[in-house]
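If you use this note's numbering, the sequence shown closes out at 217, no skipped numbers anywhere.
Glycine is no exception: its CB is placed at the ideal position from the N, C-alpha and C atoms.
All values reported here derive from a predicted model rather than from experimental measurement.
Let me begin by presenting the structure, written as C-alpha cells, before commenting on it.
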Amino acid sequence: MDSIQVNNLEFHGPINKIFKIPDEHLVSFSYEFTYGKSYLLSGEAGQGGFALSWILGGLLDPQQGSIYRNGMPYSAQQRKEDGWCVHYSEVKRFGLLKQSVKAQVRHGLRTTANPYLKSEAEVIERFRLTPERYDRPMGHLSGEAWGASCAIGFVHGKRIFCFPWSIYRIEEYTDLWLKKQFDLLTSTGSLVIIPFRETEPARRLCDEVVRLRP
Numbered sequence: 004m005d006s007i008q009v010n011n012l013e014f015h016g017p018i019n020k021i022f023k024i025p026d027e028h029l030v031s032f033s034y035e036f037t038y039g040k041s042y043l044l045s046g047e048a049g050q051g052g053f054a055l056s057w058i059l060g061g062l063l064d065p066q067q068g069s070i071y072r073n074g075m076p077y078s079a080q081q082r083k084e085d086g087w088c089v090h091y092s093e094v095k096r097f098g099l100l101k102q103s104v105k106a107q108v109r110h111g112l113r114t115t116a117n118p119y120l121k122s123e124a125e126v127i128e129r130f131r132l133t134p135e136r137y138d139r140p141m142g143h144l145s146g147e148a149w150g151a152s153c154a155i156g157f158v159h160g161k162r163i164f165c166f167p168w169s170i171y172r173i174e175e176y177t178d179l180w181l182k183k184q185f186d187l188l189t190s191t192g193s194l195v196i197i198p199f200r201e202t203e204p205a206r207r208l209c210d211e212v213v214r215l216r217p
C-alpha cells in the first residue's frame, strides 16, 4: 500500500501573503500517511498544519527533516507532480492562468488517462459543479471553488489533495457535499490532507485525526 513517511519535519515562518494567518510553526513532526485515506491535521492556525499540508503538496520544503514515499526519498518536485493544493493550484496552458473550470477539466480529460471518471458529465455530477459557474475561473466561484479545484486536480491525475488551513464554512459543507467528495477521492486511492481545528464535523469528515503539538 502506498504511503508517505515524514521524519522530524520542522518549518517556521510565513506561508503566503494571500492567506492572512500567523506564521506557521511545525515542530519535530513524524508520521506515516497512507493513500486512500483522509487526514485531519488538528490544530489552530500557526501550529504547523498548513505548512505540513503544503509540504506534502510540494509547494514548501521543510527546514529540517526527511520525506519518503514507500521508503524512497520523495523530493519537492516529485510531490508537486503528484500533489494538488486545493483552491491554489491551477492548470497553466499557453502561458495563461485563470482559465475557466470547464477549460481545465476538459484539458485533463483529453490528456490524462482516468479509470474512474471518463466523461465531463460524470465529473460535473460527482463534484457537484453547477452549469452557471462551470465556465468561470475558480476565483469567481466562492464556495463551489473547493469542489471545482478537486475536480480539476482529479482529472489531471493528481493523488495528493492538500487543503489550506481554513476552508470556508467547513461545518456546513461537510454534510452538504464535502464528505462525499472526500470519500470519492479516497475511494480512488488519493491521499487527502486538511488542516483545521478539531470540531465534530471535521472529525466526521476525515478517516483519521492527527493532533499537532502547539
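In the DSSP assignment, find the alpha helix (DSSP H) that holds Arg214 and state where it starts and stops. For the purposes of this step, residue 214 is taken as the residue at position 211 of the sequence shown. Element bounds for Arg214: not the alpha helix (DSSP H) but the beta strand (DSSP E), Glu211 to Arg214.
Beta-carbon proximity list for Ser31, same chain, < 7 angstroms, skipping 5 on both sides: On the sequence shown, position 28 is the one that residue 31 refers to. Within the same chain, Ser31 has close Cβ partners Asn11 and Glu13.
Using three-state DSSP, classify Phe141 as helix, strand or coil. Within the sequence shown, numbered from 1, the residue matching residue 141 stands at position 138. This sequence places Met at residue 141; Phe is not what is there. Met141: helix per DSSP, three-state reduction.
Measuring alpha carbon to alpha carbon, tell me which of Asp210, Leu215, Arg200 and Gly192 ends up nearest Lys182. Counted from its first residue, the sequence shown places residue 182 at position 179. Ranking the options by Cα distance to Lys182, first place goes to Asp210.
Whole-angstrom distance between Trp168 and Ile70, CA atom to CA atom: Walking along the sequence shown from the start, residue 70 turns up at place 67. Walking along the sequence shown from the start, residue 168 turns up at place 165. Distance between the alpha carbons of Ile70 and Trp168: 21 angstroms.
If contacts are defined as beta-carbon pairs under 8 angstroms, then Asp64 and Ile163 qualify, I think. What distance do you get, rounded to the angstrom? Taking the first residue of the sequence shown as position 1, residue 64 is located at position 61. Taking the first residue of the sequence shown as position 1, residue 163 is located at position 160. Rounded, the Cβ-Cβ distance is 15 angstroms, inconsistent with contact.
Relative to the alpha-carbon of Leu194, which residue among Thr37, Asn73, His159 and Gly150 has its alpha-carbon at the smallest distance? Stepping through the sequence shown from its first residue, residue 194 is reached at position 191. With distances taken between Cα atoms, Leu194 lies closest to Thr37.
Rounded to whole angstroms, what's the CA-CA distance from Thr202 to Ser41? Just pull it up for me. As a position in the sequence shown, residue 202 is number 199, starting the count at 1. As a position in the sequence shown, residue 41 is number 38, starting the count at 1. Roughly 15 angstroms separates the two Cα atoms.
For a quick check, are the C-beta atoms of Ser103 and Asp138 less than 8 angstroms apart? Here the question's residue 103 lines up with position 100 in the sequence shown. Here the question's residue 138 lines up with position 135 in the sequence shown. In this structure, Ser103 lies near Asp138, with their beta-carbon atoms less than 8 angstroms apart.
At least three beta-carbon pairs within less than 8 angstroms, the stretch 73 to 88 to the stretch 150 to 166: As far as the Cβ criterion goes, the stretch 73 to 88 touches the stretch 150 to 166, which means the pair count is three or higher.
Through-space distance from Leu215 to Gly46, alpha-carbon basis: Counting from one through the sequence shown, the residue named residue 46 turns up at place 43. Counting from one through the sequence shown, the residue named residue 215 turns up at place 212. C-alpha separation (whole angstroms): 6 angstroms.
Euclidean distance between Cα positions of Gln80 and Leu29: Locating residue 80 in the sequence shown gives position 77, counting from the first residue. Locating residue 29 in the sequence shown gives position 26, counting from the first residue. One C-alpha to the other measures close to 21 angstroms.
Distance between beta carbons of Pro198 and Gly52, contact taken as under 8 angstroms: The residue given as residue 52 occupies position 49 in the sequence shown. The residue given as residue 198 occupies position 195 in the sequence shown. Indeed, because the Cβ distance is near 3 angstroms, the residues count as touching under 8 angstroms.
8 angstroms Cβ cutoff met for Ala54 and Pro25: Walking along the sequence shown from the start, residue 54 turns up at place 51. Walking along the sequence shown from the start, residue 25 turns up at place 22. Result no, Cβ atoms of Ala54 and Pro25 do not sit closer than 8 angstroms.
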